[in-house]
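Going by the numbering used here, the sequence shown opens with residue 263, and the numbers climb by one from there.
For reference, the structure discussed in these notes is given below.
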Amino acid sequence: MKEINDFDQAGLELTILMPCLNEAETLATCIQKAKASIEKLGIQGEVLIADNGSTDDSIQIATQNGARVIQVTQKGYGNALKAGINNAAGKYIIMGDADDSYDFLHLELFVTKLREGYDLVMGNRFQGGVQKGAMPFLHRYLGNPILSFIGRLFFRIPIGDFHCGLRGLRKERIQSLSLVCDGMEFASEMVVKAAKKNLYICEVPTTLSPDGRSRPPHLRSFRDGWRHLKFLLIYSPRWLFLYPGAFLLGTGLSALILLFQGPIQLFSIKFDIHTMLYASANTIIGLQLVSVAMLIRQLGTKLKLFDSNRFLNVIQETLTIELLLVLGLLAVLAGTLWTLDALSIWKNARFGTLYPSQTMRTVIMSVTLTISGVQIFIYSFFTSVIDFFSSSGVRNVDI
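As structure tokens, this is what we get:
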């Protein structure tokens, strides 16, 4: 990547940004280290504290140590950082927590990569070294590795430490992402949206030390871990809905068709109507999941949360509302005809006892087709609703 040398010397090149909520014990140390790093780098920079409602002496300590302070009234880690990014005077921003766990004395690699043209430079604590007691056991060996793996798998981001809080940003490029999360999941949102917008991302090693506070950290392991995971899942409907749905739909429909012909013997195992009933459930659930995935993708594309996908566009252009309505109608009609056939069989038995191994095949197939047809109906109208309400001509509608 070519080096970028378009910095306007009249302004600041670097802002070191720290979100703050009652960090009086460690804030002065962090600011002093950040200022020492700016001096060592010979760079025009500032230290910016985004205070999120501190009730201790944090604001006074920050100003006494030469930092610029903004007060952010909306609570939340994400809100503090969004305000800090928007108010930063520097072209580049290096953000990190004010708990003295991140190494503000050694920021050379972050600045170098930003100058080379990278938009997001992630720190990697596992490459740089995690000191004893700096990270809880479950975070180090379970939470972080799993969430980082999911991030790499879902979004194809070659980042080893998905949730490192020390990271470098190119201000205008990060602002273009329109970040919205207000809590800890803001860290995930930044990486995911940066990848989806094809920003240049890299990572550099950094260290993690035990934080210098005497109180527990703001991070809540299970609550914030779930918020990160929830965001990753919601932002990847392929993995949450499409792939599981396609698997259930494919296997369920195949088994349904095979078992409709009669029982299947596989070695000593016999598959009959009970298996067929589960196959029906798989088919219905699979169709529902695929439909939801397509709707989320369509809505996300309209809202510019997802990039347009050529393959999905072809599917949606082919499956017009008229075609879907016809398919849904045919499915309901077929289900109704099979229902009438089942009623005819029951009538011939003088509405008495039936043999489940024979009649249940017809009943299961009729119910499956009827429910699937209704689902297709609903899906077709939802696609039209999304198109209607996202069109430029629609503003306010009273219902």
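Glycine residues also receive a C-beta, built at the ideal position from the N, C-alpha and C atoms.
On a predicted model such as this, the values are computed, not experimentally measured, just so you know.
Ends of the beta strand (DSSP E) at residue 277? Per DSSP, residue 277 belongs to the beta strand (DSSP E) from 276–282.
I'd like the span of the alpha helix (DSSP H) that includes residue 603, first residue to last. First-last of the alpha helix (DSSP H) with residue 603: 583–610.
Quick check on this structure: which residue in 535, 633, 551 and 437 has the alpha carbon closest to the alpha carbon of residue 501? Restricting attention to 535, 633, 551 and 437, the CA atom closest to the CA of residue 501 is found in 551.
Beta-carbon contacts of residue 532 that lie in its chain and below 8 Å, excluding the five residues immediately before and after: So the list reads 525 and 526, once near-sequence residues are dropped.
As a quick exercise: from 534, 354, 543 and 410, pick the residue whose alpha carbon is nearest that of residue 511. Shortest Cα-Cα distance from residue 511 to any of 534, 354, 543 and 410 involves 543.
Which residues mark the beginning and the end of the alpha helix (DSSP H) in which residue 517 is found? Following the DSSP letters along the chain, one finds residue 517 inside the alpha helix (DSSP H) bounded by residues 505–522.
Can you check the stretch 376–436 for any alpha helix (DSSP H) of at least 4 residues that lies completely inside it and give the ranges in chain order? Taking 4 residues as the shortest admissible run, the stretch 376–436 contains the following complete alpha helix (DSSP H) segments, listed from N- to C-terminal end: 387–390 and 406–417.
Assuming residue 645 contacts residue 546 (C-beta within less than 8 Å), just tell me the rounded distance between them. Not a contact, Cβ separation roughly 19 Å.
Three-state secondary structure (DSSP) at residue 464? Three-state result, residue 464: strand.
Write down the C-beta distance between residue 628 and residue 600 rounded to the nearest angstrom, noting that I regard them as a contact closer than 8 Å. Going by Cβ atoms, the distance from residue 628 to residue 600 rounds to 3 Å, so yes, they are a contact pair.
The beta strand (DSSP E) spanning residue 533 covers which residue range? Its beta strand (DSSP E) spans residues 531–533.
Sort out for me which residues DSSP pairs residue 312 with in a bridge. In DSSP, residue 312 forms a bridge with 281 and 332.
Do residue 484 and residue 443 have their CB atoms nearer than 8 Å? Taking 8 Å as the cut-off, the Cβ atoms of residue 484 and residue 443 do not count as close.
Going straight from the alpha carbon of residue 454 to that of residue 314, what length do you get? Cα-Cα distance, rounded: 25 Å.
Around the Cβ of residue 281, are there at least 16 other Cβ atoms within 10 angstroms (buried) or fewer (exposed)? So residue 281 counts as buried.
Residue 535 to residue 634 span [Cα, whole Å]: Their Cα atoms are separated by approximately 19 Å.
Using CA coordinates, which residue listed in 393, 517, 557 and 305 is at the minimum distance from residue 363? The shortest Cα separation from residue 363 among 393, 517, 557 and 305 belongs to 393.
What does the alpha-carbon distance come out to for the pair residue 430 and residue 316? The alpha-carbon atoms of residue 430 and residue 316 are separated by roughly 25 Å.
Between 606, 515 and 472, which has its C-alpha nearest residue 395's C-alpha? Closest in C-alpha terms to residue 395, from the list 606, 515 and 472, comes 472.
Should the stretch 329–336 be regarded as contacting the stretch 423–439, the criterion being three or more beta carbon pairs within less than 8 Å? With the cut-off at 8 Å, the stretch 329–336 and the stretch 423–439 do not touch.
Leaving out five residues on either side along the sequence, give the residues of the same chain with a beta carbon under 7 Å from the beta carbon of residue 271. Caution is warranted here: a pLDDT of 39 is assigned to residue 271, below 50, making its placement in the model unreliable, and the coordinate value is therefore given only provisionally. Excluding residues up to 5 positions away in sequence, nothing lies with its Cβ nearer than 7 Å to the Cβ of residue 271 in the same chain.
Going by CA-CA distance only, name the one from 356, 570 and 602 that's closest to residue 382. The shortest Cα separation from residue 382 among 356, 570 and 602 belongs to 356.
Buried or exposed: residue 289, going by 16 or more other Cβ atoms within 10 Å of its Cβ? So residue 289 counts as buried.
Residue 343 beta carbon less than 8 Å from that of residue 308: Contact flag unset, no.
Under the three-state DSSP convention, the category residue 306 falls into: In this structure, residue 306 counts as coil in the three-state DSSP scheme.
Compute the distance between the beta-carbons of residue 240 and residue 293, then report whether it is under 8 Å. The structure shown does not extend to residue 240, since the chain spans only 263 to 661, so no value can be given for it.
Is the beta carbon of residue 365 sitting closer than 8 Å to the one on residue 291? In this structure, residue 291 does not lie closer than 8 Å to residue 365 by Cβ.
Helix, strand or coil, according to DSSP, for residue 528 in the structure here? It is a strand residue.
Excluding the five sequence neighbours on either side, which residues of its own chain have a C-beta within less than 6 Å of the C-beta of residue 490, listed in chain order? 409, 447 and 450, listed in sequence order.
What does a CB cutoff of less than 8 Å around residue 672 pick up in its chain, not counting 5 residues either side in sequence? The chain is shown from 263 up to 661; residue 672 falls before or after that span and cannot be answered.
State the DSSP-derived secondary structure class of residue 540, mapped to helix, strand or coil. Residue 540 falls in the helix class under three-state DSSP.
Terminal residues of the continuous alpha helix (DSSP H) containing residue 339? Segment 339–349, the alpha helix (DSSP H) holding residue 339.
Taking its Cβ as the centre, do 16 or more other Cβ atoms sit within 10 Å of residue 611, making it buried, or is it exposed? Exposed is the call here.
Restricting to Cα atoms, I'd like to know which of 367, 518, 285 and 503 is closest to residue 540. Taking the Cα of residue 540 as reference, the smallest distance to any Cα among 367, 518, 285 and 503 is reached at 518.
Residues that DSSP places opposite residue 687 in a beta bridge: It is not possible to answer for residue 687, since the shown part of the chain is limited to 263 through 661.
Have a look at residue 419 and residue 385 and give me their C-alpha separation to the nearest angstrom. Spanning the two alpha carbons is a distance of roughly 14 Å.
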